[in-house]
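Notes for the one structure printed next.
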Amino acid sequence: MESIEALLIENLNHIKKFGISRLGIFGSYSKGQPTETSDIDILISFEPHKKTFDNYIDLKFYLEELLNKRIDLVIEENIKKELRDEILRSVHYVEAA
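Quick note, the numbering used here runs 20 ahead of the 1-based positions in the sequence shown.
Written out as structure tokens, the structure is:
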């Protein structure tokens with residue numbers, strides 16, 4: 021996860037241009053258990069009035085190109101109720117150094 025987190029931190033200013041207020045990694049990568057076929061689960065929160073389809077899809081494509089992996093991009097407020105606690109327990113938020 022270190023190299024993924026380092027890439028995200030290095031590109032955080034550009035990522036924030038998509039209207040993102042917070043970004044975190046969850047799932048197999050945050051637990052240190054990814055496989056070769058694992059996607060990267062990323063949890064995001066948008067700044068007020070920045071949650072648009074264009075920002076979401078452009079960010080997804082940007083992250084897939086940056087990380088060279090398939091991305092499962094989840095908006096925090098849209099987490100399914102039955103998965104919410106597990107995701108929020110395992111998420112590792114990415115912050116600038």
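Every residue gets a Cβ at the ideal spot worked out from N, C-alpha and C, and that includes glycine.
Quick caveat, the model's predicted, so the values are computed rather than measured.
Would you mind stating whether residue i and residue j have Cβ atoms separated by less than 8 Å?
| i | j | result |
| --- | --- | --- |
| residue 45 | residue 79 | no |
| residue 91 | residue 59 | yes |
| residue 39 | residue 67 | yes |
| residue 64 | residue 96 | yes |
| residue 31 | residue 86 | yes |
| residue 43 | residue 28 | yes |
| residue 93 | residue 82 | no |
| residue 51 | residue 110 | yes |
If you count every other CB in all the chains shown that lies within 10 Å of the CB of residue i, and 16 or more means buried, which is it?
| i | result |
| --- | --- |
| residue 49 | buried |
| residue 61 | buried |
| residue 103 | exposed |
Would DSSP call residue i helix, strand or coil?
| i | result |
| --- | --- |
| residue 42 | strand |
| residue 76 | helix |
| residue 64 | strand |
| residue 113 | strand |
| residue 99 | coil |
| residue 105 | helix |
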